[in-house]
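To start, the structure under review is shown below, and the notes come after it.
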Amino acid sequence: AKGMTDAQHGELVSIIGLAGQTNHLVTAMQIPVDPQFEVK
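Following the working numbering, the numbering of the sequence shown begins with -14 at its first residue and continues without gaps.
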């Protein structure tokens, strides 16, 4: 069977949570988006 182990899944969930925390922090600090990442 293919798929993730429990350890891999736990690490993925941890990374997603950390990314969410970072996004909340950056939004609260009102840091501007770098020009190369702006949607045109």
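Glycine residues also receive a C-beta, built at the ideal position from the N, C-alpha and C atoms.
In the structure shown, the three-state DSSP call for residue 15 is coil. Distance from the CA atom of residue 18 to the CA atom of residue 1, rounded to whole angstroms, is 20 Å. Per the coordinates, the alpha-carbon of residue 15 lies some 16 Å from the alpha-carbon of residue 22.
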